[in-house]
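Worksheet: one structure, shown below.
Residue numbers (the UniProt record's numbering), protein chains in the order written: chain A, 1 to 322; chain B, 1 to 322.
Written out as structure tokens, the structure reads:
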């Protein structure tokens, strides 16, 4: 079982690699090779199977062909330009999010056996003329270039799966919080930093009102769901391989209250409340509520509480920090 | 008012050009230039304003930039690889239907004023896990590469419109019948040829059963709707610029009966009935019923009867044939 993770240097790619290291297998077969690819080669991890850390520019078809010269059985495609950056630079987002995905799928289709491709799409697929509460089967009307490019990738994945070129499974990730590391250019960055940074003694600004609802999921849950997507039988997905992932809907105020329940009031007192119109324009186009019927029927995991998320963050990302 | 038609050598592009020649104006302004572009330069038409017929390979960005070196006010983007051919050659379909559209929109965004872009999408956008009877707002799950590529173009058009790069209006065309000319590689080709060819004394095969329902529209109606789309105010469209166009639902048997009512039984008797599994696989993935609420509210025209379509075909395409 040869496995590739694109965006392997990102926090999700790193957590996914560690989780695969724990199970040692995928789709019932032992993992014999894990390749982590990113624009800069990711730092090596200690893993119980051979692992390679490779620099690859997915906007360059030749680079991708080199990366995939030896076929993979399972590909987790996480590499992306995030929402804020794709909004600031239309062509960069298009090159990485659409053409990078196309380059990857074009290389994957040359494999003798169609590889399983787990594709990270996003709740940013939703917006615009869609209902306030998302259900499966509504027409996608993304209101960011990031969301648009992700949905274009979904369509390509569906079509290339229908044609037998790949065996795709597309997951629309809720906002993943609490992200470790530093703030990034995602418009959703604050949805982690108001918890992550304040729990570590820093101040952090919340650019939206306390009653803003977030459809969110924890890193642990997302990693489990990425692996679950790879393990499922392709026939279970039906003709639409791209689904809304389970998450929880909480307002910012409810999430802060959960943090305070777990850790006391110090972190909450470090949050400032200065509205940011640019961030609001993007995130108010997203949806805070979703009923992911198909994903739940397929056995994907759903977060039980944001208090768990806070505990997992403290255990996974603070306790283990160097 | 400078106007461009891509796919200008096709039957719709030609009919649209003649219709613009009749009105002489668009968006309340006189047309001062009409450019018809196609892979081979279209034959000149007699028009009451300056017209240019240009060869342009829309898969070549430089060719498209040359075509659009002088800005256009309204662009009708009709050029495409049809369904059967895009199914037979994945890369060709992707190159023309997706990258051709991207090249056009990238050139259009360099215009000082965002041009109106009327984009021909298709009812082939629908299929798969969608309901049997299409309504507005259902998640698009195309079951052909043609439909997939058309929807990817819709998303791009929506996003570039949201960003102010173009002023897009995407129309999902029902099956256009009766098409003049010869059979083509569209899986829907028979939906014209069983009328067009038999009305001209030839035999023609129907590869589906008489009870197969078709959501169809006449060339006259489509041309009127393309022009209507260009004339509408952008604000009327909302955040989703891509809509299901009105059509009529009739079974093949009902359409044949309408033809017989208008012309007598000779044509009907020239139809043969040999099932074709390849065609059926494609067209049975389409939808035969659609309620296009938004388009009707926006004032788009709807066909009243297939008998009208037969009369219009005889008047427009047989009477005027050389």
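Idealized CB from N, CA, C, for every residue including glycine.
Note that the structure is a prediction, hence the values are computed from the model and not measured.
- Counting only residues of its own chain and dropping the five nearest sequence neighbours on each side, residue 147(B) has a CB closer than 7 Å to the CB of 122, 124, 125, 127.
- Take residue 187(A), set aside five residues on each side of it, and the residues of its chain with a beta-carbon closer than 6 Å to its own are 83, 84, 279, 282, 283, in chain order.
- Residue range 213 to 217 is occupied by the beta strand (DSSP E) that includes residue 215(A).
- The Cβ neighbour count for residue 28(B), taken over all protein chains shown within 10 Å, is under 16; the residue is labelled exposed.
- The residue from 204(A), 26(A), 77(A) with its alpha-carbon nearest to that of residue 9(A) is 77(A).
- Annotation: residue 312(B) to residue 219(B) spans about 9 Å, alpha carbon to alpha carbon.
- Judged by their CB atoms, residue 172(B) and residue 216(B) are not nearer to each other than the 8 Å cut-off.
- Counting along the chain, residue 256(A) sits inside the alpha helix (DSSP H) bounded by residues 252 to 263.
- Contacts with chain A (Cβ-Cβ distance below 7 Å) from the segment 119 to 142 of chain B involve 128, 129, 137, 138, 139, 140, 141, listed in chain order.
- Residues of the segment 239 to 263 of chain A with a C-beta less than 8 Å from any C-beta of chain B: 239, 240, listed in chain order.
- Annotation for residue 168(B): the continuous beta strand (DSSP E) segment containing it runs 167 to 173.
- About 5 Å separates the beta carbon of residue 273(A) from that of residue 206(A), a gap short enough to meet the 8 Å contact definition.
- Burial state of residue 197(B) is buried, judged by a 10 Å Cβ sphere holding 16 or more other Cβ atoms.
- With a minimum length of 3 residues, the unbroken runs of beta strand (DSSP E) contained wholly in the segment 112 to 154 of chain B fall at 116 to 122, 133 to 135.
- Three or more Cβ pairs drawn from the segment 126 to 141 of chain A and the segment 134 to 154 of chain B lie within less than 8 Å of each other, which places the two stretches in contact.
- Beta bridge pairing from DSSP links residue 74(B) with 3(B), 116(B).
- By the CB criterion at 8 Å, residue 11(A) and residue 180(A) fall inside the cutoff.
- The three-state secondary structure of residue 37(A), taken from DSSP, is strand.
- Taking CB atoms only, residue 151(A) has a neighbour in chain B less than 8 Å away.
- When the Cα atoms are used, residue 129(A) and residue 241(B) turn out to be separated by approximately 10 Å.
- Residue 245(B) and residue 295(B) do touch by the CB rule: their CB atoms are close to 6 Å apart, below 8 Å.
- Taking 8 Å as the cut-off, the beta carbon of residue 305(B) is found closer than this to the beta carbon of residue 258(B).
- Residue environment analysis places residue 214(A) among the buried positions, since at least 16 neighbouring C-beta atoms fall within 10 angstroms of its C-beta.
- Using a CB distance below 9 Å, the part of the segment 156 to 168 of chain A facing chain B consists of 156, 158, 159, 160, 162, 163, 165, ordered along the chain.
- The C-alpha of residue 267(B) lies about 36 Å from the C-alpha of residue 92(B).
- Residue-level contact check: residue 90(B) touches chain A, since one or more beta carbons of chain A fall below 8 Å from its beta carbon.
- Setting aside the 5 residues that flank it on each side, residue 303(A) is surrounded in the same chain by 217, 218, 221, 248, each with a C-beta closer than 6 Å to its C-beta; the list follows chain order.
- Between the C-alpha atoms of residue 184(A) and residue 229(B) there is a straight-line separation of about 41 Å.
- DSSP places residue 243(A) in the uninterrupted beta strand (DSSP E) bounded by 242 to 244.
- Among the residues facing chain B, residue 148(A) is included, as its CB has a counterpart in that chain under 8 Å away.
- Judged by DSSP in its simplified three-state form, residue 176(A) adopts strand.
- Those residues of the segment 69 to 84 of chain B placed with their C-beta closer than 8 Å to a C-beta in chain A do not exist.
- In this chain, residue 281(B) is not harboured by any beta strand (DSSP E); it is covered by the alpha helix (DSSP H) spanning 277 to 283.
- In the structure shown, the three-state DSSP call for residue 228(B) is helix.
- Going by beta carbons, residue 166(B) and residue 115(B) fall inside the 8 Å limit.
- In this structure residue 17(B) touches residue 45(B) by the C-beta definition: roughly 6 Å separates them, less than 8 Å.
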